[in-house]
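Its first residue numbered 0, the sequence shown is counted upward by one per residue in numbering that gives the first Met the number 0.
Glycine included, every Cβ here is placed at the ideal spot set by N, Cα and C.
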Amino acid sequence: MSGHSKWSTIKHKKGAKDAKRGKIFTRIIKEITIAARDGGADPDSNPSLRLAIQNAKGANMPKDTMERAIKKGSGDDAADLQEYTFEGYATNGIAVFVEATSDNNNRVVANVRAVFSKYGGELGTHGSLSFMFDRKGVFTIARELLKDWELEDLEFELIDAGLEEIDVQEEDVLIYTSFDSYGDMQKKLAEMKIEVKTTELQRIPTTTMALEVEKAKQVLKLIEKMEEDDDVNVVYHTLEMTDELAAALEAEG
Numbered sequence: 000m001s002g003h004s005k006w007s008t009i010k011h012k013k014g015a016k017d018a019k020r021g022k023i024f025t026r027i028i029k030e031i032t033i034a035a036r037d038g039g040a041d042p043d044s045n046p047s048l049r050l051a052i053q054n055a056k057g058a059n060m061p062k063d064t065m066e067r068a069i070k071k072g073s074g075d076d077a078a079d080l081q082e083y084t085f086e087g088y089a090t091n092g093i094a095v096f097v098e099a100t101s102d103n104n105n106r107v108v109a110n111v112r113a114v115f116s117k118y119g120g121e122l123g124t125h126g127s128l129s130f131m132f133d134r135k136g137v138f139t140i141a142r143e144l145l146k147d148w149e150l151e152d153l154e155f156e157l158i159d160a161g162l163e164e165i166d167v168q169e170e171d172v173l174i175y176t177s178f179d180s181y182g183d184m185q186k187k188l189a190e191m192k193i194e195v196k197t198t199e200l201q202r203i204p205t206t207t208m209a210l211e212v213e214k215a216k217q218v219l220k221l222i223e224k225m226e227e228d229d230d231v232n233v234v235y236h237t238l239e240m241t242d243e244l245a246a247a248l249e250a251e252g
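Put into structure tokens, the structure is as follows:
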């Protein structure tokens, strides 16, 4: 798991800086809509919907917005929403993995391909880069809620539920599990009555590549433009966030 903490910390800080509230809401609304469509509108009997609602609350989404998304998912309007993944390379050999949700296959494919092309990258074939990312369950918990726990005691409690790493940040604690242990960790945290701020499956790069600052900025430009697309939920990559790059981005404001 070495390198995961640094990667997730930088990604979290940059995400908090760059993400627009509306973009976050759009992604969560899609999650709620698909969960309601596939598993029904009752969160008590639909674990996926329950988690999506939990994430919505963590993002301070208004209750009526959540309810509209559930209603939409329960009706016919959600039928065309589909989830997509795209894999390709940015400049200098940086791998990029894109997750999207769209009601228009032609639009999302064309837009993703256009961003790769415009910013010096290349869209690859499906499955070509999956081996470069491990799919992990990530649970974000407010650090304040764990103030009465010693770290070793918390690790001991969670190890049987598939704990792989605990990343203690300034305000939050991130708990990592394997993809297969994701459900077990959900149940364990619920049994321990530990409130989770957000939970999701992320793709963690198995290795990262450091670039000179200017070359790295070219890669980040592609990533940022990809993230701006309304159909795109999240973009993962293998660019290493070096101290020099972090400092340069901070200087730019």
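- Query: What's the C-alpha gap between E249 and M225?
  - Reply: 21 angstroms
- Can you give the Cα-Cα distance for I158 and R49, rounded to whole angstroms? 24 angstroms
- Item | Cβ-based neighbour list, K186, same chain, cut-off 6 angstroms, excluding 5 preceding and 5 following | none
- Message: Tell me whether the region 189-208 and the region 132-152 touch, counting them as touching only if at least three CB pairs, one residue from each stretch, are closer than 8 angstroms.
- Response: yes
- Message: Can you tell me which residues form a DSSP beta bridge with R112?
- Response: Per DSSP, none; premise fails for R112.
- Measure the CB-CB distance between E154 and L162 and report whether it falls below 9 angstroms. yes
- Task: Return helix, strand or coil for M0, following the three-state DSSP convention.
- Result: Reliability of the predicted coordinates at M0 is poor, the pLDDT of 30 falling under 50, and the value obtained from them is presented with this limitation in mind. Three-state result, M0: coil.
- Message: Starting from T139, trace the beta strand (DSSP E) in both directions and tell me its first and last residue.
- Response: F132 to A141
- Taking DSSP as the reference, what is the three-state secondary structure of E164? strand
- Message: Starting from E274, trace the alpha helix (DSSP H) in both directions and tell me its first and last residue.
- Response: Absent from the model: residue 274. The displayed extent of the chain is 0 to 252, so no value can be given.
- Message: Please identify the residue among P42, Q53 and I23 whose C-alpha is closest to the C-alpha of E194.
- Response: Q53
- Task: Measure the alpha-carbon distance for G119 versus A35 and round it to whole angstroms.
- Result: 38 angstroms
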